[in-house]
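**Q** Take a look at this one; I'll ask things after.
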Amino acid sequence: MLEVAPDLLGCVVSFGGCEGVIVETEAYHFTEPACHAYVGVTPRTAVLHGPPGTAYVYRSYGIHALLNAVCEAEGVGAAVLIRALEPTAGIEAMRMRRGAGELCNGPGKLTQALGIGLGENDTSLVSGPVRILRGEPLEYVTGPRIGITKAAELPWRFCALGSRDVSRPWPPGLRASLAA
DNA sequence: CATGGGATTGACT
DNA sequence: GTCAATCCCATGC
Numbered sequence: 005m006l007e008v009a010p011d012l013l014g015c016v017v018s019f020g021g022c023e024g025v026i027v028e029t030e031a032y033h034f035t036e037p038a039c040h041a042y043v044g045v046t047p048r049t050a051v052l053h054g055p056p057g058t059a060y061v062y063r064s065y066g067i068h069a070l071l072n073a074v075c076e077a078e079g080v081g082a083a084v085l086i087r088a089l090e091p092t093a094g095i096e097a098m099r100m101r102r103g104a105g106e107l108c109n110g111p112g113k114l115t116q117a118l119g120i121g122l123g124e125n126d127t128s129l130v131s132g133p134v135r136i137l138r139g140e141p142l143e144y145v146t147g148p149r150i151g152i153t154k155a156a157e158l159p160w161r162f163c164a165l166g167s168r169d170v171s172r173p174w175p176p177g178l179r180a181s182l183a184a
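Heads up, the first sequence is in the working numbering, so the first residue is 5 and it goes up one at a time.
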């Protein structure tokens, strides 16, 4: 999975006529406490332990939807959280949903921008409504994960270089690439 | 059956 | 920088 997460950078997420290039991901694995699958297989986390290539949409703080891509073999319990996109198509539709401001520079924002909701949970990323298309590999930097309270020190955050559509704080290496 | 936590965001001081 | 909003579900009694 630690190979899949950076591999997703540069891939395209497509949903409802909107598309965006993945520029930030975070890896989650059931062996570390930050992952929902850590507690074991439950009705909600079952999809995390399911077959790879499946979307796992989760509501955080009762408000925001977070989009994950399940990876690893069935029964492993691992996923890659998609934290940020760079919009490439359907931008007007995103603006209608999001209003003014940044569209996809945060996990909760990108789902709202694309219109992805809890209804897309447990759908295929290959043949379902939400699709992930293979794209060009991107250069990236790693860093600690953001916004979690457990195991935040693991360097399982992957940010594409040269994109401003990434949630802050940016790792030092990414700041340098933006300045250039 | 009741309670608390959670991978976030946006507004206010 | 700090604080509140708000819903699902895992855990505990």
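C-beta: ideal position from N, C-alpha, C; glycine also.
Have a look at Arg102, Tyr65 and Leu129 and flag the residue whose alpha-carbon is nearest the alpha-carbon of Thr115.
**A** Arg102
**Q** At a cut-off of 8 Å, would you count Gly112 as near the ligand MN, judging by its Cβ distance to the nearest heavy atom?
**A** As presented, the structure is devoid of all ligands, the ligand MN included, so that no description of it is given.
**Q** What does a CB cutoff of less than 6 Å around Ala38 pick up in its chain, not counting 5 residues either side in sequence?
**A** Ile152, Lys154 and Ala155
**Q** Based on the DSSP output, what are the partners of Ala117 in its beta bridges?
**A** Answer is none; Ala117 lacks a bridge partner.
**Q** Using the C-alpha atoms, what's the distance from Glu124 back to Leu118?
**A** 11 Å
**Q** If the criterion is Cβ atoms closer than 9 Å, does the pair Gly20 and Ala69 meet it?
**A** Against a cut-off of 9 Å, the Cβ pair of Ala69 and Gly20 comes out as no contact.
**Q** Could you please give me the residues that DSSP links to Ala73 through a beta bridge?
**A** Ala59 and Val84
**Q** Taking all protein chains shown into account, decide if Gly105 is buried (16 or more other Cβ within 10 angstroms of its Cβ) or exposed.
**A** exposed
**Q** Measure the Cβ-Cβ separation of Leu3 and Ile136 and say whether it is below 9 Å.
**A** With the chain running from 5 to 184 in the structure shown, residue 3 is simply not present.
**Q** What distance in whole Å lies between the Cβ atoms of Val17 and Ile86, which are believed to be in contact at a cut-off of 8 Å?
**A** Their Cβ separation, rounded to whole angstroms, is 7 Å, which keeps Ile86 and Val17 in contact under 8 Å.
**Q** Looking only at its chain, what residues have a beta carbon closer than 7 Å to the beta carbon of Leu122, apart from the 5 residues adjacent to it on each side?
**A** Val61, Arg63 and Ala69
**Q** From this set, Glu30, Ala164 and Gly14, which residue's C-alpha is nearest Glu23's C-alpha?
**A** Gly14
**Q** Buried or exposed for Gly44, please, with buried defined as at least 16 other CB atoms from any protein chain shown within 10 angstroms of its CB.
**A** exposed
**Q** Tell me the rounded alpha-carbon separation between Ala184 and Tyr32.
**A** Annotation note: pLDDT 45 at Ala184 (below 50); position unreliable, coordinate value reported separately. In a straight line, the C-alpha of Ala184 is about 31 Å away from that of Tyr32.
**Q** For Pro133, which residues of its own chain have a beta-carbon under 8 Å away from its beta-carbon, when the five flanking residues on both sides are left out?
**A** Phe19, Gly20, Glu124 and Thr127
**Q** With DSSP as the reference, identify every bridge partner of Ala93, one or two as the case may be.
**A** Glu23
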